[in-house]
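Notes follow the structure.
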Amino acid sequence: MKDILSKIIANKRFEVDLQKQAISIEQLQEGISEALAIRSMKQALASSMSGVIAEFKRRSPSKGWIRQGALPEEVVPSYVKAGASALSILTDEKFFGGSLKDIRTARPLTEIPILRKDFIIDEYQLYQAKIVGADAVLLIAAALEPEKCNELTEKAHSLGLEVLLEIHSADELDYINKETDMIGINNRHLGTFFTDVENSFRLAGQLPQDAVLVSESGISSPETVKRLRAAGFRGFLIGETFMKTEQPGETLQYFLQAIQ
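Counting in the working numbering, the final residue of the sequence shown is number 256, and the numbers go up one at a time with none missing.
What follows is the structure, given as structure tokens:
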């Protein structure tokens, strides 16, 4: 399958192998004791009036550069001030222009939960997430076999990290189990990058109603958030809508005011 996702995963395997050569997993394990305490993203979303997960994102494979010179030390405080419930920070460099340094920079600036958004395929990346101060990680069903997804979930939990499990279709419902902290519905197909917010509504009725549900990608209207909340969603991951503007924090502030 020669699609965007397969290219990203192939590159990710190459990246992780290089990282392991530079810093061994044993060295990462030694640094875990110094890592910061974890904040619960699941609880933050469940108790929030808005549930907006504001994303720090410089580029995407489909849109190219959205905000090339964006700095987390500028954007993150503005998101927090505006009232974000949680943060999502892209750490993939080649396709999204991010890095682990972005989380390390953002962590001392806020007490709200931070999601490491990346293509997690190896437990090595979980140790990285823990060390830089992430509170949760994204696991993408389309990028993992069910058994591997379960293994990574178990390992994340052992490190005190929560997991946002991302699915895109009913074919991936089997990935959901009692260990799943949050269920994300990606409205963007990772093979074609076609986006359709209605995907969240199509799958809503097939998801556990007691789960913390998150709608991801393509959300640009407060009215859409209101509809999604009525359908049972408690988290709304939004990046480009904010990042493409001159003042992402102000844009978020106006967006949240329109939801209320």
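Glycine is no exception: its CB is placed at the ideal position from the N, C-alpha and C atoms.
query                                                                                                      : result
I215 in three-state terms, based on DSSP                                                                   : coil
Beta-carbon spacing of G156, T191 below 7 Å                                                                : no
Residues near N183 by beta carbon distance below 7 Å, same chain, minus five either side                   : T191, D192, V193, N195, S196, S211, E212, S213 and G214
Outcome for F10 when other beta-carbon atoms lying within 10 angstroms are tallied against a minimum of 16 : exposed
Buried or exposed (CB count within 10 angstroms, at least 16 for buried), L14                              : exposed
Buried or exposed (CB count within 10 angstroms, at least 16 for buried), L258                             : Shown here, the chain extends from -3 to 256; a query on residue 258 therefore has no answer.
D206 burial status per 10 Å Cβ neighbour count (16 or more: buried)                                        : exposed
Residue range of the unbroken alpha helix (DSSP H) whose run includes S196                                 : E194 to A200
Rounded C-alpha distance that separates V72 from V159                                                      : 21 Å
Proximal residues to A40 (C-beta, below 7 Å), its chain only, five neighbours per side dropped             : S81, A82, I108 and P109
For I255, three-class secondary structure by DSSP                                                          : helix
Beta-carbon proximity list for G47, same chain, < 6 Å, skipping 5 on both sides                            : L41, S81, R230, G231 and F232
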